[in-house]
Amino acid sequence: MAVVGIVIGAAVVLLVIGIVVTYNGLVRLRNQMQNAWSQIDVQLKRRHDLIPNLIETVKGYASHERGTLEAVTNARNMAQGAVGKGVGAQSKAEGALSGALMGLFAVAEAYPDLKANQNFLALQEELTSTENKIAFSRQFYNDSVLGYNNKTQMFPSNILANMFSFSEGEFFEIEVPKEREVPKVSF
Amino acid sequence: MWEQIRGNRTKTMVLVAAMAGVLLGIGYAIGFLFFGSPIGGLFIALIIWGVMTLVAYFKGDNIFLSISRARKIERDDHPRLYNIVEEMKIASGLEYMPAIYIIDDPAMNAFATGRDPKKAAVAVTSGLLQKLNRDELQGVIGHEIAHVKNRDVLLMTMCGVLLGTIVMISYYMTHMMFWSSMSGGRRSSGGGGGPAMIVVLIVGIVLMILAPILARLIYYAISRKREYLADATSAQYTRYPEGLASALEKLAGSTVPLQSANQALAPMYITNPFRKKGKAASDLSSTHPPISERVRILRAMGGASFSDYNSAYNSVHKGGGSVMPATALAGSGLVGIRAASSESAIGEPSKLERSREVSDLMWKKSNYKMINCSCGTKLKVPPNIKKFTIKCPHCGTQHSV
Amino acid sequence: MKCPTCHNMMIVVEHEHVELDYCPDCEGVWFDAGELELLLETMQLQQSILSIDSVLTSQETKSKEKKRKCPICHSKMKKATVGHDPEVLIDACSRGDGLWFDAGEVGQIITQVPSTQDVDSQGRVIRFLGEVFQARD
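Line order of the protein sequences matches chains A, B and C. Going by this note's numbering, the first sequence runs without a break in its numbering and finishes at 187. Going by this note's numbering, the second sequence runs without a break in its numbering and finishes at 588. Going by this note's numbering, the third sequence runs without a break in its numbering and finishes at 725.
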């Protein structure tokens, strides 16, 4: 009898340890995913902040490119408005902004004085890098979502995930018009 | 997938254990030969190892950086380098921004330090900053951040200490042996020598010769494995293996030797700083795989994931087995390669502009005074000059210092 | 960096993005190998035609002039000649760290006008030095 008791006791202890480890794993993955999301947010905000500066600089050299400048300003305002309205809406607005920026830099190509401006060059480096950082944080976020979703769907961790309502994470895809594959701006 | 890389180091652990075994063996032999107590020898070996490990653990990165004469820079000193490091920090999911150092050296190299990812640092030479474009620099920084993220810095520091201890102990053992045989053998255990004593002596000599060699080979094997993994991780971070490949090619073509290189640091550099020009690194005696091979693997990648790197490795090696941990492969899905940012893109500074960017930064860090003459010539004056006026050699204008 | 001739501190002169080390006391000029490379690369010509080696690894010329020490590696420099008509005797680091022109040599060199048609790497270096040191006494 004592042996059976020990075996059952051991099994229960193992089960409890298993549950704790799995639960903590789920929480850790969810936190990682949420941290990764806040990273994207930081970079998106940085991009929104940089754009008025860029518009001012470009205006000084290419004031009659009003259409392009306005498109960027509008896209920026739309993107700012989409903050907090869910991953889907935000992806779409940010994609439109990336497209508008590409248009602006394509236009800048025709103004040699602008291209030589130190301020413009510094802003360009900042925007290129911010664009890269958005892409990299999105990459890391999506990897985290994949890891987390796998865990919530696979047996046995899915039982716990259902029990404590760990909902699935949503992927963040930026749909840039025309250039889908390339998240980086080529000036 | 990130968890799995960290988790899977079975082969590496076996190799580290083998090195520790060599250390213990040599300690045992020393104790047996000189102190009549093998356990005592074991203790001595362990104590030496322990002290060296503590020093390396707590002071290692400072020592490395000061040996290399690295200077810390901030964001405004070199925004592009700072941004690239930050990009790779984000791509790798590191929690803390690593410190950035520049080494004033025309040679091209880079290394990472920091025992844990919270206190990491990456250092690059000024030569590297001048000669690499943005994509290439990103590949190199990605490789260094991968060393930090994969905990290679800690692993290789610990292995380096282990190796150092083995080399040191066997060195002193040689000297002690020589000395004791000269003084006629004070040892009492053999009771006047005899064949047993000779056997022990031979075993001791063989061990003392073999141990450092064996330890070195194991150490190199571990280091090479981590290099492949760091290359694969860099490709995964940047989604652009060509950047690192082309950077490695430029590094291979560079003829300038690194002046401030350090043996113990060798596995931390992006390429072996002790590589001899024109001599193909033989397989077993190098901390790094041959550069040409690393380039070929990176260029053979069809995607940017670990499994892409693995199949590229296999196609270059013709059935050479796997370099990636199996669990890391299982977790990686389909990962595409991004497009290149073109070299002629506006905003991408030319090599000449990059050179001035870096040299001006180094002058500034050395407290040089910058004088912009109206004729377009720039004069950079050292702080300890014993002159009050300087004449511009181009237009003849007098400038006060 | 210290002047190899009079051992005073040299200043850096940047012209068209290329840096030279210039001694304001004795007016000698150090042309660093890396900067030579940059200068020749801006010509955008084939490396084979415009090789830095043709400037740096010129034949050792026998001379009774005193040997100077390279300001980079501190080993003795060899004597070499550059230019034509007249050939100017300069100091070159035997390790390839760079070239040293003392005041008189710069004076001799900048009076030479290399023909604009077939400028080799030496011609380019001479022309650049002439451009930079327009206001020499």
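Glycine included, every Cβ here is placed at the ideal spot set by N, Cα and C.
So who's on the other strand from residue i, going by DSSP bridges?
i: Glu607/C; result: Glu602/C
i: His595/C; result: None, per the DSSP bridge assignment.
i: Met557/B; result: Lys567/B
i: Ser587/B; result: Thr576/B
i: Trp688/C; result: Trp618/C and Asp679/C
i: Tyr111/A; result: Its beta-bridge partners do not exist; DSSP assigns none.
i: Phe298/B; result: Ala310/B and Tyr456/B
i: Thr669/C; result: Leu677/C
i: Tyr415/B; result: The partner list for Tyr415/B (beta bridge, DSSP) is empty, contrary to what the question assumes.
i: Ala286/B; result: Ala308/B
Using a Cβ-Cβ distance cut-off of 9 Å, determine whether residue i contacts chain B.
i: Ala36/A; result: yes
i: Phe155/A; result: no
i: Asn132/A; result: yes
i: Gln32/A; result: yes
i: Phe721/C; result: yes
i: Leu626/C; result: yes
i: Gln39/A; result: yes
i: Gly622/C; result: yes
i: Glu675/C; result: no
i: Ser98/A; result: no
i: Thr699/C; result: no
Near residue i, which residues of its chain fall below 6 Å by C-beta distance, leaving aside the five closest residues on each side in sequence?
i: Tyr111/A; result: Tyr61 and Ala62
i: Glu323/B; result: Gly430, Ser433 and Ala434
i: Pro304/B; result: Leu281 and Val335
i: His603/C; result: Val720
Among the options, which one has its Cα closest to the Cα of residue i?
i: Arg426/B; options: Glu125/A, Val16/A, Phe105/A and Asn132/A; result: Asn132/A
i: Val606/C; options: Leu566/B, Ile226/B and Thr576/B; result: Leu566/B
i: Arg188/A; options: Leu394/B, Tyr424/B, Pro580/B and Pro293/B; result: There is no way to answer for residue 188/A, as the model of chain A reaches only from 1 to 187.
i: Gly123/A; options: Asp41/A, Val7/A and Arg47/A; result: Rather than Gly, the amino acid found at residue 123/A in this sequence is Leu. Answer by Cα proximity: Arg47/A.
i: Ser502/B; options: Glu480/B, Phe245/B and Gly523/B; result: Glu480/B
i: Asn337/B; options: Val242/B, Arg541/B, Ala307/B and Ile356/B; result: Ala307/B
i: Gln696/C; options: Trp618/C, Val676/C, Pro659/C and Lys664/C; result: Val676/C
i: Arg321/B; options: Val203/B, Ile478/B and Pro266/B; result: Pro266/B
i: Ile290/B; options: Leu316/B, Gly523/B and Met275/B; result: Leu316/B
i: Gly686/C; options: Gln722/C, Glu615/C, Lys667/C and Val720/C; result: Lys667/C
i: Gly351/B; options: Asp248/B, Thr240/B, Val588/B and Thr576/B; result: Thr240/B
Could you name the residues of the same chain whose beta carbon sits closer than 7 Å to that of residue i, not counting the 5 residues immediately before and after it, in chain order?
i: Pro536/B; result: Glu544
i: His330/B; result: Ala417, Asp418, Ser421, Leu431 and Ile457
i: Leu229/B; result: Leu211, Gly214, Tyr215 and Gly218
i: Val588/B; result: Lys556, Val568, Ile572, Lys574, Phe575, Thr576 and Ile577
Does the beta carbon of residue i come closer than 9 Å to any beta carbon on chain A?
i: Met275/B; result: yes
i: Gly378/B; result: With a pLDDT of 47 at Gly378/B, under the threshold of 50, the modelled position of this residue cannot be trusted; read the value that follows with caution. It does not; no Cβ of chain A falls within 9 Å.
i: Arg481/B; result: no
i: Arg426/B; result: yes
i: Arg338/B; result: no
i: Arg486/B; result: no
i: Gly518/B; result: In this predicted model, Gly518/B has a pLDDT of only 49, less than 50, meaning its place in the structure is not dependable; the value taken from the coordinates is given anyway. For Gly518/B, the answer is yes, since a Cβ of chain A falls inside 9 Å of its Cβ.
For residue i, I'd like the list of residues in its chain whose CB is within less than 8 Å of its CB, leaving aside the five on either flank, ordered along the chain.
i: Ser636/C; result: Because Ser636/C sits at a pLDDT of 40, beneath the cut-off of 50, its placement in the model cannot be relied upon, and the following sentence gives the value as read from the coordinates. Around Ser636/C: no qualifying Cβ.
i: Val600/C; result: Glu607, Leu608, Asp609 and Tyr610
i: Val390/B; result: Ala216
i: Leu729/C; result: No answer is possible for residue 729/C: the residues shown for chain C start at 589 and end at 725.
i: Leu44/A; result: Ala79, Val83, Gln90, Glu94 and Ile134
i: Thr584/B; result: Cys560, Ser561, Cys562 and Lys578
Is there at least one Cβ from chain C nearer than 9 Å to residue i's Cβ?
i: Lys464/B; result: Because the pLDDT at Lys464/B is just 47, under 50, the model does not fix this residue reliably, and the value given afterwards should be weighed accordingly. It does not; no Cβ of chain C falls within 9 Å.
i: Ser542/B; result: yes
i: Lys574/B; result: yes
i: Gly583/B; result: yes
i: Cys579/B; result: yes
i: Gly490/B; result: no
i: Gly437/B; result: A quick correction: the sequence has Lys, not Gly, at residue 437/B. No, Lys437/B does not count as interfacial toward chain C.
i: Pro460/B; result: no
i: Gly440/B; result: no
i: Gln593/B; result: Given a span of 188 to 588 for chain B in the structure shown, any question on residue 593/B remains unanswerable.
Residue i CB to nearest chain F CB: under 9 Å?
i: Leu539/B; result: In the displayed structure, chain F is absent; the protein chains listed are A, B and C.
Using a beta-carbon distance cut-off of less than 8 Å, what residues from the region 545-570 of chain B approach chain C? Ser546, Trp550, Tyr555, Gly563, Thr564, Lys565, Leu566, Lys567, Val568 and Pro569
Beta carbons nearer than 9 Å to chain B: which residues of the region 108-122 of chain A have them? Ala108, Glu109, Lys115, Phe120, Leu121 and Ala122
What residues from the region 244-274 of chain B come within 8 Å of chain A, judged by C-beta to C-beta, listed N to C? Pro266, Arg267, Asn270, Ile271, Glu273 and Glu274
Mind checking the region 277-291 of chain B against chain A and listing, in chain order, the residues whose C-beta falls within less than 7 Å of any C-beta there? Ile277, Ala278 and Gly280
Selection of the region 140-165 of chain A by Cβ proximity to chain B, strictly under 9 Å: Phe140, Asp143, Ser144, Leu146, Gly147 and Asn150
The region 593-613 of chain C: which residues have C-beta closer than 7 Å to a C-beta of chain B, in chain order? Met597, Ile599, Val600, Val601, Glu602, His603, His605, Glu607, Tyr610 and Pro612
Please name the residues in the region 54-81 of chain A whose beta-carbon is closer than 8 Å to at least one beta-carbon of chain B, in chain order. none
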